[in-house]
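There are 2 protein chains.
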Amino acid sequence: MSALPDTASPLYEKVKEYILTNIGTGKWSKDRKLPSENEFVAALGVSRMTVHRALRELTSAGFLIRLQGVGTFIAPPRPQSTLIEINNIAAEIVARGNRHRSEVLVLERITPTKELSLSFEFARRVSLYHSVVVNFENDLPVQLEERFVNPSLIPDYDKQDFSKTATYDYLMQKTPVTEVEHIISAVPADAETARHLAIDIGSCCLLLHRRTWTGAIVATISKLTYVGSRYSLGSRYSPSLRA
Amino acid sequence: MSALPDTASPLYEKVKEYILTNIGTGKWSKDRKLPSENEFVAALGVSRMTVHRALRELTSAGFLIRLQGVGTFIAPPRPQSTLIEINNIAAEIVARGNRHRSEVLVLERITPTKELSLSFEFARRVSLYHSVVVNFENDLPVQLEERFVNPSLIPDYDKQDFSKTATYDYLMQKTPVTEVEHIISAVPADAETARHLAIDIGSCCLLLHRRTWTGAIVATISKLTYVGSRYSLGSRYSPSLRA
DNA sequence: ATGCGGGAAAAGTATATACATGTATGTATA
DNA sequence: TATACATACATGTATATACTTTTCCCGCAT
């Protein structure tokens, strides 16, 4: 008798589906209040806790907004942002069925410049790991990757053979990333970059700056330069998948 | 007496914090089983439902993996991807405290080329809306935005005054986006682009291709060209915020 | 040794109940 | 009229309990 779908899923999932359907068909107008938890209980014949769970999950998925003491409302269409995904370049190349190879140009411990030390949010000048690696797709250089690493978080960074393990894989494995900052821009290649990537000086490159944090500590700062004519960043994703 | 933090947050949040802390400090080795729900109940003095909620939320946030009948495990470090956010350019410019202005160059209904029709996954050739807009930051052109819009989803696209309402805002408001595809690359400016953006032919530009879907239907296809020297895409975000 | 069966253990779901907390509203009082 | 208080109602949290579903493992019989 209840209006719930009769799929073979848990009750709270049916309630979620029921609510989403009624939002989608416009049965509940976008600016008025949804039924209260107790009204759902009466209408659907399930317990309040089950309704509550359904509503809570739809809220955390961004479909609803709930105000304690007031009621439940339909969330405004979508956040004004969309996302693109940045993948591990080695994995991407292999996924395309091509050969990946990398060449380590530099792997050393350095004393940072004042500016770099600032980017790491260091009070004192602490020494850092510094690596420069070129990534090849079918023996064609596609990316130059310069990275500075906080040795307090990744103490044995320089012990790795990065021509075998991808630096990205290694870092992701060693320390959990709690925050990421990205800046993407397009720049002409300077002399050194052009030499490493075997392109003309001034050709368009995609420049990706990345900082990662572990807790409150800056873990890595990277500068990834992609050859514009040979590489692009791509992704496809569903905004509402964050259930 | 319990080992839970004494912050002023709900119990299940304290349990989550407690678990995350113990994962972070390596108290629980990465490949062994975490305590069972009942063991948590005994150790922390809270009910099983509370423990269950904490564990469930940490699981949906990607920190844990749970197997019915087996146990709870620490999830492998992170998915091999990080995200960058692409915001509405008008909002971004205003957020920086600068003036935003846009100029509509083209707003028409066209019959698409065969290739474009294919990108829309159309069987027959259906006419499309086509718009070209230049966005200015403090009277300096920073982005050229060419867009094709499916009229079956947004029938009155051409009735808008896009020098007032941002196209992106308008689209987001009209139709829910269920899927997005992005491709970012770096290209030299061609003659026409250079003219519209007031830059030299061949200067570096950031090129962003975007397709959006509403359900199974392609809603929009956009080509956004940013002046490399004047604009970059940036974001900062917490991978674990998807709770 | 192999395979089968049953029990123990683990997570998953559902409910009833109680209390906590925040919000709006109406009524009585100054 | 305006303020204060009481009340009703909404969501939020916490617990006890019961049952389900899945997996693992051990012991027994073949």
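The listed protein sequences derive, respectively, from chains A and B. Going by our numbering, the letters in the first sequence line up with residues 1 to 243, in that order. Going by our numbering, the letters in the second sequence line up with residues 1001 to 1243, in that order. Ideal Cβ placement from N, Cα and C applies to all residues, glycine included.
Spell out whether any CB of chain B is found under 7 Å from the CB atom of residue i.
i	result
R125 of chain A	no
R53 of chain A	no
I154 of chain A	no
I184 of chain A	yes
S29 of chain A	no
R56 of chain A	no
E92 of chain A	no
L233 of chain A	yes
P10 of chain A	no
E37 of chain A	no
R230 of chain A	no
L206 of chain A	yes
R195 of chain A	no
R236 of chain A	yes
I19 of chain A	no
Output needed for residue i: all residues of its chain with C-beta closer than 6 Å, excluding positions within five of it in sequence on either side, in chain order.
i	result
G71 of chain A	K33
I1065 of chain B	F1073, A1075
R1230 of chain B	V1142
H1130 of chain B	E1108, I1110, F1148
L140 of chain A	none
L1207 of chain B	S1185, V1187, T1225
T59 of chain A	R66
S1117 of chain B	R1125
T1212 of chain B	V1177, V1180, A1219, T1220
A198 of chain A	P141
Would the beta-carbon of residue i fall within 7 Å of that of residue j?
i	j	result
T167 of chain A	T214 of chain A	no
Q143 of chain A	N135 of chain A	yes
V1132 of chain B	V1106 of chain B	yes
A1008 of chain B	C205 of chain A	no
F148 of chain A	I93 of chain A	no
G97 of chain A	I1183 of chain B	no
F1120 of chain B	V1218 of chain B	yes
L224 of chain A	E108 of chain A	no
E104 of chain A	S163 of chain A	In the sequence as displayed, the identity of residue 104 of chain A is Val instead of Glu. Closer than 7 Å, so yes.
I110 of chain A	L128 of chain A	yes
Are the C-beta of residue i and some C-beta of chain A separated by less than 7 Å?
i	result
R1048 of chain B	no
L1241 of chain B	Note that L1241 of chain B scores a pLDDT of 43, beneath 50, so its modelled location is shaky; the value from the coordinates is reported in the next line. So, not an interface residue.
M1001 of chain B	Interpretation of M1001 of chain B is limited by its pLDDT of 47, a score under 50 that renders its predicted location unreliable; the figure taken from the coordinates is listed afterwards. It does not: the Cβ of M1001 of chain B has no partner Cβ on chain A nearer than 7 Å.
A1188 of chain B	Note on identity: in this sequence residue 1188 of chain B is Pro, with Ala being the wrong assignment. Answer yes: the Cβ-Cβ gap between P1188 of chain B and chain A drops below 7 Å somewhere.
E1181 of chain B	yes
Please name the residue or residues paired with residue i in a DSSP beta bridge.
i	result
N1135 of chain B	B:S1102, B:Q1143
N1150 of chain B	None, per the DSSP bridge assignment.
Y226 of chain A	A:Q143, A:L206
T25 of chain A	In DSSP, T25 of chain A forms no bridge with anything.
P188 of chain A	A:C204
H1196 of chain B	Partner(s): none; H1196 of chain B has no beta bridge.
T72 of chain A	A:R66
Y1129 of chain B	B:R1109, B:V1149
Q220 of chain A	In the sequence as presented, Gln is not what sits at residue 220 of chain A; that position holds Thr. Looking at the DSSP assignment, T220 of chain A forms a beta bridge with A:V149, A:T212.
Our contact map puts residue i next to residue j with C-beta atoms below 8 Å; I'd like the distance itself, whole angstroms only.
i	j	result
V1180 of chain B	R236 of chain A	7 Å
G1202 of chain B	A1189 of chain B	6 Å
E3 of chain A	L44 of chain A	The sequence given here places Ala at residue 3 of chain A; Glu does not occur at that position. About 7 Å separates the two Cβ atoms, so the contact holds.
D200 of chain A	A191 of chain A	Actually they are not in contact, since the Cβ atoms of D200 of chain A and A191 of chain A sit about 10 Å apart, beyond 8 Å.
With a threshold of 8 Å on Cβ separation, who are the neighbours of residue i within its own chain once the five nearest residues in sequence on each side are excluded?
i	result
V1041 of chain B	S1047, R1048, V1051
A90 of chain A	H100, S102, N135, A166, Y168, D169
I1023 of chain B	F1063, I1074
K30 of chain A	I74
Between which residues of its own chain and residue i is the CB-CB distance below 7 Å, once the five residues before and five after are set aside?
i	result
N295 of chain A	With chain A represented from 1 up to 243, any question about residue 295 of chain A goes unanswered, as that position is not in the structure.
D6 of chain A	none
A54 of chain A	Y12, V15, K16, I19
L171 of chain A	I154, T220
D158 of chain A	L107, R109, Y129
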